[in-house]
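J.: Take this structure, written in C-alpha cells, and hold onto it; I'll ask about it next.
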Amino acid sequence: MKTLITHARLVLRDQVLDDGWLLIEGERILDLGKAQTCPQAEPGIHLVDAAGSYLLPGLIDLHCDVIEKLVEPRPGVHVDMYVALQEADLRLAGCGITTEFHALSLDDNEFGVRSENFFRDLNTYVHIMHERLLIRHKIHARLELTSKHGCEKGMEMMRQGTSALVSMMDHSPGQGQYRTEQAFREYVIRTTHRTHEEVDELLARKREQMREKPARITALSQVAHETGIPLATHDDDTPELIEQWHSLGVAISEFPTTMEAARCAHELGLKVCMGAPNVLRGRSSGGNLSALSAIEANIVDVLCSDYYPSAMLASVFLLAKKQYKALPEAVRMVTLHPAQAVGIGHEYGSLEVGKIADLIQVEVSDQYRPRVQRVLVGGQERFSITGVRNSQVAVETITL
Numbered sequence: 001m002k003t004l005i006t007h008a009r010l011v012l013r014d015q016v017l018d019d020g021w022l023l024i025e026g027e028r029i030l031d032l033g034k035a036q037t038c039p040q041a042e043p044g045i046h047l048v049d050a051a052g053s054y055l056l057p058g059l060i061d062l063h064c065d066v067i068e069k070l071v072e073p074r075p076g077v078h079v080d081m082y083v084a085l086q087e088a089d090l091r092l093a094g095c096g097i098t099t100e101f102h103a104l105s106l107d108d109n110e111f112g113v114r115s116e117n118f119f120r121d122l123n124t125y126v127h128i129m130h131e132r133l134l135i136r137h138k139i140h141a142r143l144e145l146t147s148k149h150g151c152e153k154g155m156e157m158m159r160q161g162t163s164a165l166v167s168m169m170d171h172s173p174g175q176g177q178y179r180t181e182q183a184f185r186e187y188v189i190r191t192t193h194r195t196h197e198e199v200d201e202l203l204a205r206k207r208e209q210m211r212e213k214p215a216r217i218t219a220l221s222q223v224a225h226e227t228g229i230p231l232a233t234h235d236d237d238t239p240e241l242i243e244q245w246h247s248l249g250v251a252i253s254e255f256p257t258t259m260e261a262a263r264c265a266h267e268l269g270l271k272v273c274m275g276a277p278n279v280l281r282g283r284s285s286g287g288n289l290s291a292l293s294a295i296e297a298n299i300v301d302v303l304c305s306d307y308y309p310s311a312m313l314a315s316v317f318l319l320a321k322k323q324y325k326a327l328p329e330a331v332r333m334v335t336l337h338p339a340q341a342v343g344i345g346h347e348y349g350s351l352e353v354g355k356i357a358d359l360i361q362v363e364v365s366d367q368y369r370p371r372v373q374r375v376l377v378g379g380q381e382r383f384s385i386t387g388v389r390n391s392q393v394a395v396e397t398i399t400l
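The sequence shown begins at 1 in full-length UniProt numbering and counts up one residue at a time.
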C-alpha cells in the first residue's frame, strides 16, 4: 500500500520544504519533494492532506523512566505491567515518540521498583503485546556500578540480546549527581520514604562495593564490545572521567553535570545527551549543568525526555523560537542524532528516501507550541487527532 502526504512542511536534515510531499510504500519512504513535483495520486493510494502542518521524523527517546512511575504511581502502590505499558504506549505516541528506550535500573532496589523482576516483566510484556503496541519499545539497561547482582544480571541480559542500550551509573554521594552525602540522603528519603537508619545501611553497602567498581567497568565494557550494544555513562563530572570512558569505547555521555565534562565528551566524539525538561525549565532539577548553556556552547548532540515525554517536542520548538538552533538542527537532536548514537541512523531518524517511515505530523500554534496530529510507524498510521471546534464546544477524537 502507498500513502501520499501533501501540503506538508517537510523538516529535512538541513532545511524545511514549506510546501512539500512525501510518498510511502510499505514501511519505507519512496520519494519526497516540493509541491510542483508532486506525483498524481494513483487509484487506491491513501491520501493525507497535512494542510500546512510540519512533517518530522518520529522522535527517538534514549532515556525515559516514566514506566517506573506508571507501575508504582505512589510508594508501595503497584499497578499491573500490562496496564502500565498500555498507558505508556499511548502517552508516548501522543508525544510524537516512535522509538522509546525505557530506562530501567538494576540497583539492588535502591529506588523503588528498580529490580531484575521489573526488567523481566517489561521485556515479557513488550513481546506479548507487540502486535497491539503503537510504537517501538526497547530497553535501556542502567547498571549501578555499586550493585554486584545488578551488574552481573545486566551482562547476562546483554548477552541474551534483551537490552538495546546500556549505561553505567554510580549514584554514590560525593560525585556526579549527588555532590554531598546530605543531597543523597534527602533525595532517597524523599523519593523512597526510607528511614535515616535504612539510608545508613544503603550508604554502607555502597562504600563496601566501591572496591569492585573498576573490575565491573572493565567487564561491562568488554561485554558491550562483544555484543555490539552501545554503551553510555551517566552524570559525568570531570574531563578525566570522560577520557577514561572514551578509552573504553563509550558512545554516549548522559547528563554530564559540568560544562568541562560535557565539552570534553563532545570533543572526543561521544554523543552528549541532555534532558529536554532541563531545556524547557531553563535549569537542571538537581542544580547541575544547564542544558541551554551547553546548547549555546554547541556541545549537546541529543535531547531525551528523561522523566517527561512531552518535553522532547516542546523543547525542539522552543530552541527554534528562541533561535538557539535552526529548526532542522533542533529536530536532529531528537531524531537523527539519537539514532546515530545507538547505531540505527542508517534506517531511522530523518526524512530520506529508503528509510523507515516513522513520521509525525505536527501542528504548531502562533506561540510555537506544538501538538502532534498524526503518528506513522513503519508507514502505518498508529495515532491521529482531529479537532472540531466552535465558540461553545471543543471535541477531540482519538483514532487508534
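The beta-carbon is built from N, C-alpha and C at its ideal position, and this holds for glycine as well.
Only a predicted model underlies this, so the values are computations on that prediction, with no experimental measurement involved.
Among the residues of its own chain, which have a CB less than 7 angstroms from the CB of Ala103, if the five just before and after it don't count?
T.: One-based indexing of the sequence shown puts residue 103 at position 103. Hits under 7 angstroms: His63, Cys64, Asp65, His140 and Arg142.
J.: Would you kindly report the start and end of the unbroken beta strand (DSSP E) that includes Pro57?
T.: As a working note, residue 57 is residue 57 in the sequence shown. Residues Tyr54 to Pro57.
J.: Just the C-alpha distance for Gly282 and Ala291, rounded to the nearest angstrom, thanks.
T.: Working through the sequence shown from its first residue, we reach residue 282 at position 282. Working through the sequence shown from its first residue, we reach residue 291 at position 291. Whole-angstrom Cα-Cα distance: 7 angstroms.
J.: If distances are taken between C-alpha atoms only, which option among Thr227, Lys355 and Val77 comes closest to Gln160?
T.: Here residue 160 corresponds to residue number 160 of the sequence shown, with the count starting at 1. Ranking the options by Cα distance to Gln160, first place goes to Thr227.
J.: Over the uninterrupted beta strand (DSSP E) stretch that includes Asp31, give me the two end residues.
T.: Stepping through the sequence shown from its first residue, residue 31 is reached at position 31. Taken as a continuous stretch (DSSP letters only), the beta strand (DSSP E) holding Asp31 covers Arg28 to Lys34.
J.: Cα separation between Gly52 and Gln15?
T.: On the sequence shown, position 52 is the one that residue 52 refers to. On the sequence shown, position 15 is the one that residue 15 refers to. Between Gly52 and Gln15, the C-alpha separation is close to 16 angstroms.
J.: Note down the Cα distance separating His128 from Asp121, rounded to an integer number of angstroms.
T.: What you label residue 128 is simply residue 128 of the sequence shown in a count that begins at 1. What you label residue 121 is simply residue 121 of the sequence shown in a count that begins at 1. Correcting the residue identity first, residue 128 is Ile in this sequence and not His. Using only the alpha carbons, I get a separation of about 10 angstroms.
J.: Just the C-alpha distance for Ala41 and Asp31, rounded to the nearest angstrom, thanks.
T.: Translated into positions along the sequence shown, residue 41 becomes position 41. Translated into positions along the sequence shown, residue 31 becomes position 31. When rounded, the distance between both Cα atoms is 13 angstroms.
J.: Considering Cα atoms alone, identify which of Met1, Arg132 and Val48 is closest to Leu22.
T.: Stepping through the sequence shown from its first residue, residue 22 is reached at position 22. Nearest of Met1, Arg132 and Val48 to Leu22, Cα basis: Val48.
J.: Cβ of Leu270 within 8 angstroms of Cβ of His246?
T.: Taking the sequence shown and counting its residues from 1, one reaches residue 270 at position 270. Taking the sequence shown and counting its residues from 1, one reaches residue 246 at position 246. Going by C-beta atoms, Leu270 is nearer than 8 angstroms to His246.
J.: Using the beta-carbon count (16 or more within 10 Å), is Leu4 buried or exposed?
T.: Here residue 4 corresponds to residue number 4 of the sequence shown, with the count starting at 1. Label assigned to Leu4: buried.
J.: In chain order, what residues of the same chain lie with their CB nearer than 6 angstroms to the CB of Val223, ignoring the 5 residues before and after it?
T.: For the purposes of this step, residue 223 is taken as the residue at position 223 of the sequence shown. If we look at Val223 and ignore the five residues flanking it on each side, its Cβ neighbours are Met155 and Met158.
J.: Identify the continuous alpha helix (DSSP H) that holds Glu25 and give its terminal residues.
T.: Position 25 of the sequence shown, counted from the start, is the residue given in the question as residue 25. Looking at the DSSP string, Glu25 is not in any alpha helix (DSSP H); the run it does join, the beta strand (DSSP E), is Val16 to Glu25.
J.: Just list the residues that DSSP pairs Pro239 with in beta bridges.
T.: Here residue 239 refers to the residue found at position 239 when the sequence shown is read from its first residue. The partner list for Pro239 (beta bridge, DSSP) is empty, contrary to what the question assumes.
J.: Mind checking who Met169 pairs with in its DSSP beta bridge?
T.: As a first step, residue 169 is located in the sequence shown; it is residue number 169 there, counting from the start. Paired residues: Glu144.
J.: On the CB-based measure, 16 or more other CB atoms within 10 Å of its CB, does Tyr82 come out buried or exposed?
T.: As a first step, residue 82 must be located in the sequence shown, where it is residue number 82. Its Cβ having fewer than 16 others within 10 Å, Tyr82 is exposed.
J.: Is the CB-CB distance between Leu241 and Met168 below 8 angstroms?
T.: Numbered from its first residue, the sequence shown carries residue 241 at position 241. Numbered from its first residue, the sequence shown carries residue 168 at position 168. No; because the gap between Cβ atoms is not below 8 angstroms, this pair is not in contact.
J.: Which residues does DSSP list as the beta-bridge partners of Pro73?
T.: Position 73 of the sequence shown, counted from the first residue, corresponds to residue 73. Paired residues: none, contrary to the question.
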